[in-house]
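Structure first, commentary second.
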Amino acid sequence: MSLPPLVEPAAELTVDEVRRYSRHLIIPDVGMAGQKRLKNAKVLCVGAGGLGSPALLYLAAAGVGTLGIIDFDVVDESNLQRQVIHGQSDVGRLKADSAAASVREINPLVNVVIHNVALTTDNVMDIFSGYDLIVDGTDNFATRYMVNDAAVLLGKPYVWGSIYRFDGQASVFWSEHGPCYRCLYPEPPPPGMVPSCAEGGVLGVLCASIGSIQVNEAIKVITGIGEPLVGRLMIYDALEMKYRDVKVRKDPECPLCGKNPTITELIDYEAFCGTISDEAQEAAAGATITALELKEMQDRGDDVYVIDVREQNEYEIVNIPGAVLIPKGEFINGSALEGLPQDKKIVLHCKSGARSAEVLAILKNAGFADAVHVGGGVLSWIKAVDPSLPTY
Amino acid sequence: MSVSVRIPTILRTYTGGVAEVTGEGGTLREVLQKLDADYPGIGARILDETGKIRRFVNVYVGEEDVRFVEGLDTATPDGVQISVIPAVAGG
């Protein structure tokens with residue numbers, strides 16, 4: 000299905016622009032008309048992280064006239080393995096500022112708009128309304144559903160991409176012409192069920208594989224060429240080096256873009272997606288200790304059994320002395336329970352406290368009433384107890 | 000009926016890291032039952048407590064999302080590829 004161009008062409012290209020974009024201009028499908036549409040286009044990239052980095056670099060180079068960058072975060076050293084728009088000297092700098100500097104260096108003709116804020120239900124409609132198209136490079140379900148809902152309510156197309164370890168997915172959601180994100184995934188997974196990249200990791204170059212698909216689709220939608228990824232989901236497996244696409248149908252029952260919509264304005268996305276399950280929250284209430292408290296217990300010689308519920312690779316990066324590794328999955332399938340000591344106080348920990356809270360709920364249900372978990376996980380141990388350890 | 004089932008990265012802990020496994024069954028329901036028998040625990044990641052496909056997991060028979068066909072009763076002809084695609088949010 001080909002679609003009409005999203006953006007009207009600018010009046011003209013300057014001599015400088017003709018020189019810069021000549022390799023586009025001599026492609027018959029793009030040509031002067033296509034490049035003038037890019038010049039007139041206003042694209043917002045949500046997130047200047049893994050996907051946002053390659054997306055912004057190529058959108059800038061392609062000559063998109065106005066590029067918005069929204070990110071509230073600062074550059075961390077652990078970002079540099081994949082967030083190629085930032086460099087070593089940018090560590091500690093606001094990501095939106097750092098990304099804007101790279102964009103200007105690549106193409107000074109781009110008008111860069113910096114949004115140094117977190118995207119919220121209070122500002123999303125306002126910010127989105129200034130753009131023709133949105134590129135979604137966020138890293139959590141709550142923001143993804145908010146981006147989708149705002150885009151549908153404003154009638155704007157958005158190019159979606161998502162990554163995990165070696166797997167990537169991409170699509171174009173445009174409710175006027177096809178399905179939305181809610182048609183594809185009606186509900187987010189319960190918290191703790193699907194690990195984030197911070198918990199599960201991501202192959203750095205996967206960002207480029209998926210981010211470049213997003214830019215490819217953005218350019219096609221803006222200029223009206225080719226077959227956009229509307230109504231299709233592209234699935235990429237980096238290990239097998241296979242791309243496959245499947246159909247995404249518009250769900251007539253979709254609560255947002257279906258026949259009888261029940262969502263007609265933005266909702267509470269934190270509540271919709273949760274940050275931690277109710278069971279885990281309940282289990283953790285009154286059963287959360289600090290890393291320092293754990294250290295004191297160990298120093299006193301208390302009879303504690305410390306369990307690290309992360310994965311083997313994470314354990315190898317850094318671990319709390321004395322902790323036994325039993326990954327969360329072994330609690331979920333029940334196999335870990337019978338081997339646990341009944342006569343010792345069990346202390347659970349993970350990277351930051353979310354997974355250990357989920358396991359704590361399982362243990363409480365299994366009768367380990369005095370079990371506790373370490374709030375903030377091994378990261379808080381590193382901060383509070385032993386800053387010489389590596390963080391990740 | 001022999002079919003192939005694509006396992007996403009996130010569920011490969013159940014299949015010993017294998018990306019594609021052989022399945023058996025005339026309908027998706029039968030294929031998933033056999034899959035869970037072969038790889039205990041994987042079924043619960045795809046189906047909820049009431050036996051329905053979880054809302055954040057899509058299962059495709061060929062290139063069709065079974066939610067828009069016959070759901071778990073979707074026929075799985077010999078040789079068809081079944082893909083399990085869970086929502087991921089990384090970016």
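So the protein lines, in turn, are chains W and P.
Numbering-wise, numbering that gives the first Met the number 0 puts 77 at position 78 of the first sequence, and it's gapless, one number per residue.
Numbering-wise, numbering that gives the first Met the number 0 puts 84 at position 85 of the second sequence, and it's gapless, one number per residue.
Here a beta-carbon is modelled for each residue, glycine too, at the ideal position from N, C-alpha and C.
Under the DSSP assignment, W:Phe-127 falls in the alpha helix (DSSP H) whose first and last residues are 123-127. Listed as beta-bridge partners of P:Met-0 by DSSP are no residues whatsoever.
Short of 7 angstroms from the beta carbon of P:Ala-74, and not among the five residues preceding or following it, lie these beta carbons of its own chain, in chain order: Gly-25 and Thr-26. Residue pairing by DSSP leaves W:Phe-271 without any beta bridge partner.
Segment contact: the region 161-173 of chain W against the region 102-115 of chain W, fewer than three CB-CB distances shorter than 8 angstroms; contact not assigned. Annotation for P:Val-56: the continuous beta strand (DSSP E) segment containing it runs 56-60. Under DSSP, the beta-bridge partners assigned to W:Tyr-235 are W:Gly-167 and W:Tyr-242. Per the DSSP secondary-structure output, W:Tyr-157 pairs in a beta bridge with W:Ile-133 and W:Phe-172. Of all residues in the region 128-153 of chain W, only Asp-135, Gly-136, Thr-137, Asp-138, Asn-139, Phe-140 and Arg-143 come within less than 8 angstroms of chain P when Cβ atoms are compared, listed by chain position.
For P:Gln-80, the enclosing beta strand (DSSP E) covers residues 80-85. Among the residues of chain W, none has a CB under 9 angstroms from the CB of P:Ser-3; the nearest is roughly 12 angstroms distant. For P:Thr-26, the secondary structure class from DSSP, reduced to helix, strand or coil, is strand.
If the five residues before and after W:Lys-294 are omitted, its C-beta is found closer than 7 angstroms to the C-beta atoms of Val-384, all from its own chain and listed in chain order. The beta carbon of W:Val-346 sits closer than 8 angstroms to those of Ile-288, Leu-293, Met-296, Val-303, Tyr-304, Val-305, Ile-306, Ala-370, Val-371, His-372 and Val-373, all from its chain and outside the five residues before and after it, given in chain order. Relative to the Cα of W:Lys-241, the nearest Cα in the group P:Ser-1, P:Thr-21, P:Pro-7 and P:Val-2 belongs to P:Pro-7. From the beta-carbon of W:Lys-246, the residues of chain P found nearer than 7 angstroms are Glu-62, Glu-63 and Asp-64.
Distance between W:Lys-343 and W:Gly-300, taken at the CA atoms: about 12 angstroms. Closest in C-alpha terms to W:Phe-271, from the list W:Pro-187, W:His-348 and W:Ala-47, comes W:Pro-187. Cβ neighbours of W:Gln-80 within its own chain (closer than 6 angstroms, five residues either side excluded): Gly-203. Residues of the region 28-60 of chain P with a Cβ closer than 9 angstroms to any Cβ of chain W, in chain order: Pro-39, Gly-40, Ala-43, Arg-44, Arg-53, Arg-54, Phe-55, Val-56, Asn-57 and Tyr-59. The three-state secondary structure of W:Tyr-144, taken from DSSP, is helix. If you compare the alpha carbons of P:Leu-10, P:Val-30 and P:Val-56 with that of P:Asp-77, the shortest gap goes to P:Val-30. Within chain W, not a single residue places a beta-carbon under 9 angstroms from that of P:Pro-76; the smallest gap is close to 17 angstroms.
W:Gly-321 is classed as exposed because its beta carbon has fewer than 16 other beta carbons within 10 Å across all chains shown.
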